[in-house]
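2 protein chains.
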Amino acid sequence: MNHLRENGIVHRDIKPGNIMRLVGDEGQSIYKLTDFGAARELDDDEKFVSVYGTEEYLHPDMYERAVLRKPQQKAFGVTVDLWSIGVTLYHAATGSLPFVPFGGPRRNKEIMYRITTEKPAGAISGAQKQENGPLEWSYSLPITCQLSMGLQSQLVPILANILEVEPAKCWGFDQFFAETSDILQRVVVHVFSLSQAVLHHVYVHTHTTVSVFLEAVYKQTSVAPQHQEYLFEGHLCVLEPNFSAQHIAHTTASSPLTLLNMASDGPKGLVFRDPALDVPKFVPKMDLQADYSTAKCVLGAGHQALRLARALLAGQEVMLRGLYWFVEMLQATCRRTLEVTRMALLFLSSNLSSERFSSETGIPELEELRKTLELRIKLRTLVGVLSRCSHNITKTQMSLSTLSCELVKSRDQVHEDRSIHQIQCCVDKMHLIYKQFKKSRMRPGLGYNEEQIHKLDKVNFSHLAKRLLQVFQEECAQKYQASLVTYSKQLRTVHETRNHLRLVGCSVAACNTEAQAAQESLSKTLDLLSHQLLQDRAKGTQTSLPTTAAHLSPLPKDLIIHMQELCEGMKLLACDLQDNNRIIERLSRDPLSSDV
Amino acid sequence: MNHLRENGIVHRDIKPGNIMRLVGDEGQSIYKLTDFGAARELDDDEKFVSVYGTEEYLHPDMYERAVLRKPQQKAFGVTVDLWSIGVTLYHAATGSLPFVPFGGPRRNKEIMYRITTEKPAGAISGAQKQENGPLEWSYSLPITCQLSMGLQSQLVPILANILEVEPAKCWGFDQFFAETSDILQRVVVHVFSLSQAVLHHVYVHTHTTVSVFLEAVYKQTSVAPQHQEYLFEGHLCVLEPNFSAQHIAHTTASSPLTLLNMASDGPKGLVFRDPALDVPKFVPKMDLQADYSTAKCVLGAGHQALRLARALLAGQEVMLRGLYWFVEMLQATCRRTLEVTRMALLFLSSNLSSERFSSETGIPELEELRKTLELRIKLRTLVGVLSRCSHNITKTQMSLSTLSCELVKSRDQVHEDRSIHQIQCCVDKMHLIYKQFKKSRMRPGLGYNEEQIHKLDKVNFSHLAKRLLQVFQEECAQKYQASLVTYSKQLRTVHETRNHLRLVGCSVAACNTEAQAAQESLSKTLDLLSHQLLQDRAKGTQTSLPTTAAHLSPLPKDLIIHMQELCEGMKLLACDLQDNNRIIERLSRDPLSSDV
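So the protein lines, in turn, are chains A and B. In this text, residue positions in the first sequence follow the working numbering: the first is 1078, and each later residue adds one. In this text, residue positions in the second sequence follow the working numbering: the first is 1078, and each later residue adds one.
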């Protein structure tokens, strides 16, 4: 089209039927525009008056004169091609036409004209659902459209702006080319939102920064950029907003970036239209053409069911794997926090174990001494808090392990699922009958035997279709919904566990800071005390040498008893502490906490 | 077969052509034995004398009489079926017959007989590669066999024992059924050996223990059970030897258990036969039948190339992902060790920062004081060692990040590879020509135009085949070998890093233990000192109350100067320590060490 515009040619009959597909050397599709029978030279600002084209794809102005045969003096510009491109794109993207009066576009041409001309700005399709009923507008592509929501959000504005009859609002070719080229220059990043259980396709330019990508994810998930956390292949993947978007790893649908954060809307999973709704019934009488058409429709629905079944199963797999990774991540957090806690406990206990020479027996009015005592009490309290934290984390580890086991079991169930094979098998068999019907419809009539076989095929075909839809309903759709419910519960647990672990982590950190400060003070106080007392002694040796003899004199008896009591008390405390240490060590040796 | 044996029936003409494949409701293959024209009732201990069967699959005894027409009086038992099953299994598993004289089995029947009867015990195939050449035996399945090595190792003993002409050595049906049922009851566990870059299929019973699985892995990888470490979906997966094998996660070829340990043999990757070796040339003259046969052969090689190309690419993906996970695992180890080191440093510094009141000025002959001094020096040394460790780990983190980036890039290259699409496209086009050749060969002759088209097709077919093989060689095989070399280097780096991290981890742990012990002693000594000095003072107040006034007297001038000097020295030390702390903090805030 770009080439045509550059050479000032208007095609005037753009439609899917005039686009040929060529398979390239790498199996890729190459689309070629053909049938230049209606083409003529026409510059951007020129007009023409003759009418050409195919009515479904015709610009409303030309439709008015060519189809409705109204006498009007309008001349047409190059934008008639743009309108046809719009209808063609819509048709290719959805499998159906955008503007459909009741009974089809060729049945009610006045309504067809009304739909195209009365369409509100922004709407991309309009339909009359009932005979003489009102016109209904749609501003988005239908649920059956197989394009990702990410691509749809790029395509819809283009469609809205080229399917626009008002010349002032309608885009020109330049803008159309600019916007479509923009899409083609983007790459897809697959983002699986764990909390929504939805796979998003995010279209980004590689030449922008990561922050643009984060914004795009925000639009699709409502998770603010600064809160977005990603896993890639099971490990945390930090995306620096200022980096180039090229730094984002290459993703696929089965290996997406996994978004961890809670989105506001909860798991809704894959939304789809039940293929059973699109399954017509065979007419009872023998009608080769009608049977063929019905079989084609049913087979289409069968293929759609197969596609959905695959997507639902793949969705479950990504869901379960994402959750498994999340759990493993929390397990790693547990191990790390536990190790730090254990470390802190060891350091603290090595300081507290010296308490058997408690200073309590000293002179209580000495402030340093009182302080020492207070600090030691505080440290002991902190040891208690840390022990509880460590115990708490161990319990969390246990429950995470249980959850992990559950997930592995669910995963095994998904792997053992045979429904896709069953549906595939039905579709294959249906396809064989459909091919036979396709052959038969060209023939003038069937012989008796052939007719009997045809009737049997019809019955078999219906049975197969029924079985297929039943398998889809019971083995795919219902199982998926059930797994979504379980998943939702497990996800909530995991998020709660994470918040809990964060709190525990914070209190461990706070404890440690406090413990360090307390220990520092204790150490300083002890040092100060020693220093002061040493000074005392130094002076003592200078001023009252005779008193040194007193050093060697035995202690008063009551002081000894008092100290022995204290020593016993301290021994008990030390025992308690050793018990704590042993518990901590046992926990860290626990097979569940086996470490990376 | 089991059913036939239970009912005392001998089939006498088992061969692939008499086995029909039925597609089940889930698309699974159901094989049915047919053609009971040669069957008769025969119990295990009965014999028969009439000869039946197809010569390639015939038991040597029957072959001798039926094909070589030697007068012999041998009677045949039910084991003739077992021999035919063996040949059939071999044919199905490899696509070729096990016993092949030069020129084929039907060309040299004497040699054929010699091969089957002279075959040494344990051999499963024999061939004469040259006219009148020697017989060559093979004790394993050929490289072109598409069964996994794991399944081959299960199947080969069965083949060796039923393709056995000596009745004493040959298995009976009971043992055959027992051994084949045993295979059917096993499940496949996919194990990717990271160091060999080979995917192993390990066949285990679910009712055994994990230790049996570990032994089976040992046989295929030479990694002793107690050294085996596994990753599953990117996270360490601990397999308790005493647990039931049911606890092993469900694996697939793309989601295997990843074995981390160094195997003795290094990365050899996927071993395959170059498909170019199996590509025949067209005869120049027009020969529809010959052209068809050649096209069939070439197309077969094309399919083989496509299969290999897929396997090579998938192999690279698993390799790179496994390595990426390994690197991420080491990063987690880095983070954990770093956090512990940092923790220890904080605790130690909180103890050492009180040193401004150094006890050096005290009475040197006081032992506790000397000890305190020594302990402090020791602790300061340990702080130095820990700081170096932490610095070391940070450097390791950097190099791991670089490696991780390299891996992501390689992964992107694998994803961007188009060679499979190119090969697929060639195969598709070749298939169309082949189908035409298949139709043509049935016709008596071609018209002039058809002949010209046929000639053109031959040329095109040859071009396509050449292109396909070129793409395979240059884009698949060579790239795979190159990636294997890079991989091998990276793997070595990762293993070295791991060993290095282990050493660093050990020294951190040793430092911490030492530091805790030193701190404990220090704390005790200080306590003891304070206690002793307090006692002093207590006595001082009792015995020499007048000296208390001396406490308030100014210190001697030289002591003050001495202390000021010391204080300065301590300040410098404290600054150094703070610098250390700041470095540690900065490292821990480094984006590369961003944490789970």
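We treat Cβ as the ideally placed atom computed from N, Cα and C, and that holds for glycine.
Closest option to E1213(A), judged by alpha-carbon separation, among T1221(A), S1225(A) and P1197(A): P1197(A). A Cβ-Cβ distance of about 6 angstroms is found for the pair V1242(B) and T1193(B), placing them in contact under the 8 angstroms criterion. Within chain B, no residue has its CB atom less than 8 angstroms from the CB of G1582(A), the nearest being about 11 angstroms off. Between I1239(B) and L1110(B), the gap from beta carbon to beta carbon reaches 7 angstroms or more. Note on geometry: alpha-carbon atoms of V1462(A) and L1446(A) lie some 25 angstroms from one another.
Put simply, of Q1393(B), P1137(B), T1590(B) and M1406(B) the residue whose alpha carbon is nearest the alpha carbon of F1424(B) is T1590(B). For T1335(A), the uninterrupted beta strand (DSSP E) segment begins and ends at L1334 to L1336. Nearest CB-CB separation between L1389(B) and chain A: not below the 7 angstroms threshold. A straight-line Cα-Cα distance of about 39 angstroms links Y1129(A) and F1359(A). With the rule of 3 Cβ pairs closer than 8 angstroms, the region 1264 to 1282 of chain A counts as touching the region 1394 to 1411 of chain A. Closer than 7 angstroms to the CB of E1123(A) there is not a single CB belonging to chain B. For C1314(B), the uninterrupted beta strand (DSSP E) segment begins and ends at H1312 to C1314. The beta carbons of A1378(B) and V1356(B) sit closer together than 7 angstroms. Scanning chain B for C-beta atoms nearer than 9 angstroms to the C-beta of L1603(A) yields S1431, S1600, L1603, D1604, L1606 and S1607, reported in chain order. At least 7 angstroms separates the beta-carbon of E1133(B) from that of V1144(B). Positions of the alpha helix (DSSP H) runs, each at least 4 residues long and wholly inside the region 1100 to 1156 of chain B, are given as 1137 to 1143 in order along the chain. For Y1525(B), the uninterrupted alpha helix (DSSP H) segment begins and ends at Y1525 to V1548. For V1417(A), the neighbours in chain B by C-beta distance under 7 angstroms run, in chain order, E1416, V1417 and M1420. By the Cβ neighbour-count rule, L1533(A) is exposed, with fewer than 16 other Cβ atoms within 10 Å of its own.
Taking every protein chain shown into account, the CB of M1406(B) has 16 or more other CB atoms within 10 angstroms, so this residue is buried.
Contact annotation for V1268(B) against chain A: no contact, minimum CB-CB distance about 17 angstroms [criterion: below 7 angstroms].
Identification of residues in the region 1307 to 1324 of chain A having a C-beta nearer than 8 angstroms to some C-beta of chain B yields E1310, G1311, H1312, L1313, V1315 and E1317, given in sequence order. E1213(A) has A1204(A) as its beta-bridge partners, per DSSP. For P1344(B), same chain residues with a beta-carbon under 7 angstroms away, outside a window of 5 residues either side, are S1272, Q1273, A1274, L1561, Y1564, S1565 and L1568 in chain order. For a cut-off of 8 angstroms, the C-beta gap from L1603(B) to L1603(A) is around 4 angstroms, short enough to register as a contact.
Shortest Cα-Cα distance from L1218(A) to any of A1200(A), E1208(A) and V1404(A) involves A1200(A).
Against chain A, the beta carbon of A1382(B) has no neighbour under 9 angstroms; the closest one sits roughly 15 angstroms away. Spanning the alpha carbons of Y1525(A) and H1531(A) requires a straight line of approximately 10 angstroms. It is roughly 21 angstroms from the alpha-carbon of R1419(A) to the alpha-carbon of I1470(B). Counting only Cβ-Cβ distances below 9 angstroms, A1326(B) has contacts in chain A at V1485, R1488 and D1489, in chain order. According to DSSP, T1286(A) shares a beta bridge with S1321(A).
In the structure shown, H1327(B) falls within a coil segment according to DSSP collapsed to helix, strand and coil. A buried status is given to V1548(B), since no fewer than 16 other beta-carbon atoms sit within 10 Å of its beta-carbon.
Check the Cα spacing between L1313(A) and each of P1244(A), T1410(A), E1551(A) and L1389(A): the tightest is with T1410(A).
R1398(B): member of the alpha helix (DSSP H) spanning L1365 to L1429, first to last residue. Membership of V1504(B) in the alpha helix (DSSP H) is indicated by the continuous run S1496 to S1517.
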